[in-house]
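**Q** Numbering (the numbering used here), first residue to last: 158 to 470. Note that the Cβ used here is the ideal one computed from N, Cα and C, for glycine as well. Treat the numbers as computed from the prediction; the structure is a model and nothing was measured. Just dropping this structure here.
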């Protein structure tokens with residue numbers, strides 16, 4: 158029998174406390190639940206973070222991803238241990254605490270650091286048997302949640318936009334590139350400073366790490382920029398930093414949109430699908446930002462992906 162979510166959090170917190178106390182005899186004993194979602198429960202005790210990974214996580218693949226984080230400490234936050242533990246059938250990993258991005262200071266968002274880390278990750282050789290990057294699979298999961306959520310007027314444009322994407326972006330066919338090491342779910346919540354509070358920026362969350370299309374890692378900021386949610390100056394800084402570090406996802410100069418178009422569309426659809434599903438579950442209307450993403454899907458459905466670069470900013 159699965160434990161109730163509250164019991165799982167309680168026991169995960171106990172694991173984090175035991176790990177923290179084993180690391181230091183001077184533990185200040187501060188504790189908090191950092192995330193409680195179906196795709197992961199994260200709790201903190203002092204300078205130790207414990208994460209219960211999603212149900213059904215493959216232990217061999219997660220171990221490989223932990224190894225990659227351990228071997229690339231200047232890019233990815235290394236875990237405290239090389240293998241996951243088991244807690245009521247959920248795989249659990251332990252990490253040092255890092256200072257996250259401050260959501261209240263968007264102008265100070267570390268876009269250049271994020272781009273530099275991505276470029277370094279993309280240039281890191283992927284060892285044999287590295288799992289596939291899970292970005293398209295997460296987008297497909299968001300669409301499945303939307304279909305399961307029930308009827309909503311905004312679902313139709315989102316599904317129409319989804320249907321215009323190539324099969325690989327819908328996780329229905331292999332990706333066209335599978336030799337580049339990718340993060341798989343890049344957003345600002347995936348960066349922390351370590352050692353806290355003022356250490357170097359590092360990428361966190363290895364659940365989707367793997368080989369695949371590197372443009373997927375640039376797709377969320379690209380989609381935000383194309384949709385007017387990310388100021389042009391911040392997008393320009395992000396793209397320039399990625400290119401300066403030799404990132405292979407886009408050409409070294411010239412128009413980046415032929416490479417970014419399909420992944421950016423896929424991330425827009427994923428974002429819209431999640432927003433609509435949450436709105437249905439909560440019985441509420443879409444907010445302004447959510448509606449703008451759905452509107453972007455409506456526009457996308459009328460322009461095939463292969464023509465989109467003619468209309469890109």
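Between the Cα of residue 244 and the Cα atoms of 439, 207 and 337, which residue gives the shortest distance?
**A** Residue 207 is the option with its Cα nearest to residue 244.
**Q** Just mark residue 388 as buried or exposed, buried being the case when its beta carbon has 16 or more other beta carbons within 10 Å.
**A** Residue 388 should be labelled exposed.
**Q** Can you find at least 3 beta carbon pairs, one from the segment 341-352 and one from the segment 257-264, that sit closer than 8 Å?
**A** The segment 341-352, when compared against the segment 257-264, does touch it at the 8 Å Cβ threshold.
**Q** Is it the case that the Cβ atoms of residue 281 and residue 335 are separated by a distance below 8 Å?
**A** The answer is no: Cβ separation not under 8 Å.
**Q** Where does residue 166 fall in DSSP's three states?
**A** DSSP places residue 166 in helix when its eight states are reduced to three.
**Q** What first and last residue would you give for the alpha helix (DSSP H) that runs through residue 315?
**A** Element bounds for residue 315: 312-320.
**Q** CA-CA distance, residue 223 and residue 278?
**A** The straight-line gap from Cα to Cα measures roughly 14 Å.
**Q** Short of 8 Å in beta carbon distance, which residues of its chain neighbour residue 438, apart from the five on each side in sequence? Order them along the chain.
**A** Cβ within range, chain order: 306.
**Q** Hey, residue 237 and residue 219: beta-carbon distance below 8 Å or not?
**A** Contact: no.
**Q** Taking C-alpha atoms, which residue in 407, 314 and 401 lies nearest to residue 426?
**A** Cα-wise, what sits closest to residue 426 is 314.
**Q** Within the continuous alpha helix (DSSP H) that includes residue 261, where are the two ends?
**A** Here residue 261 belongs to no alpha helix (DSSP H), and DSSP marks it neither H nor E.
**Q** Which residues in the same chain as residue 214 place their Cβ atom closer than 6 Å to its Cβ, once the five residues preceding and following it in sequence are excluded?
**A** Excluding sequence neighbours, residue 214 sits near 248.
**Q** Note down the Cα distance separating residue 333 from residue 370, rounded to an integer number of angstroms.
**A** Cα to Cα, residue 333 sits roughly 7 Å from residue 370.
**Q** Helix, strand or coil: which one does DSSP assign to residue 359?
**A** Of the three classes helix, strand and coil, the one that applies to residue 359 here is strand, per DSSP.
**Q** How is residue 343 classed by DSSP in three states: helix, strand or coil?
**A** In the structure shown, residue 343 sits in coil (DSSP, three-state: anything other than H, G, I, E or B).
**Q** Consult DSSP for residue 331 and reduce its assignment to one of helix, strand or coil.
**A** Note: residue 331 maps to coil in three-state DSSP.
**Q** Rounded to whole angstroms, what is the Cα-Cα separation between residue 293 and residue 172?
**A** Each residue's Cα considered, the two are about 32 Å apart.
**Q** Are the beta-carbon atoms of residue 338 and residue 368 separated by less than 8 Å?
**A** A contact, by the Cβ cut-off of 8 Å.
**Q** If the criterion is Cβ atoms closer than 8 Å, does the pair residue 429 and residue 450 meet it?
**A** A contact, by the Cβ cut-off of 8 Å.
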